[in-house]
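Be aware that the sequence shown starts at 1, since it is given in full-length UniProt numbering, and climbs by one per residue.
We put the CB at the ideal spot given by N, CA and C, even for glycine.
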Amino acid sequence: MTDYRDAVSSRIASANNLALDDVDYQIIALLRTDGRMPYRSLAKELGLTEATVRARVKRLEESETMRVVAVTDIEAAGFGMLLAVGVQVEGRPALDVSTDLAKVEGVYSVSQVVGSHDIEVLSIAQDQQAVDAMLRQLAEVKGVRKIMPSMAVDVLKNQPNWVPFE
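Put into structure tokens, the structure is as follows:
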């Protein structure tokens, strides 16, 4: 197991009271390539029983360590505008502001950060009109002092399953 896996496993274990082992990582890696892979196929690939694989997947899902979801190609779905918006906060806790920012339509990620701004918002939109409306909504959230939007002009890599579990 690599040092990175140890760090990830330790963080997950402390957050979810669950320690991951190599079999867990192998299950996650296989499901990342095919989220609908049957338990029987997983078991055959890993040299385990179907019941063992089923129990492990259930444990990973119930502990919220893993979930199997459909990943949408945002461009193919008609969302050609990708934005990163830095948000400076004033007069209100950043966590409260973050919670309200997360409710804005088109926002898919909100993170508290350290740097030139307090919060980073990632969002998608179908067109410039939707971008303008979303930016207005972000700016109107109580506690937002300043927004600093950046729009992607060319996405070179968009890999939603980037965590190196292989």
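Given that a residue counts as buried once 16 or more other Cβ atoms are within 10 Å of its Cβ, and exposed if not, what is residue i?
i	result
Val-155	exposed
Gly-91	exposed
Met-151	exposed
Arg-56	buried
Ala-51	exposed
Val-131	buried
Taking the straight line between their C-alpha atoms, what separation do you get for residue i and residue j?
i	j	result
Glu-120	Leu-138	11 Å
Asp-127	Ala-133	10 Å
Gln-129	Met-81	11 Å
Ala-13	Glu-61	Only weak support exists for where Ala-13 lies, its pLDDT of 49 falling under 50; the coordinates are left without a value.
Arg-145	Val-87	7 Å
Ser-20	Ser-98	At residue 20 the sequence reads Leu, which differs from the Ser that was named. Between Leu-20 and Ser-98, the C-alpha separation is close to 30 Å.
What does a CB cutoff of less than 7 Å around residue i pick up in its chain, not counting 5 residues either side in sequence?
i	result
Gln-26	Leu-46
Leu-42	Ile-27, Leu-30 and Val-53
Ser-123	Leu-83, Val-85, Gly-106, Val-107, Tyr-108 and Met-134
Asp-118	Val-87, Gln-88, Val-89, Ala-94 and Gln-112
Met-66	Ile-28 and Leu-60
If you drop the 5 nearest sequence neighbours on each side, which residues of the same chain put their C-beta closer than 8 Å to that of residue i?
i	result
Ala-102	Val-110
Leu-95	Gln-112
Give every residue of the same chain whose Cβ lies closer than 6 Å to the Cβ of residue i, excluding the five residues on either side of it in the sequence, and list them in chain order.
i	result
Asp-100	Val-141
Leu-48	none
Quick one: what's residue i bridged to in DSSP?
i	result
Ser-150	Ala-84
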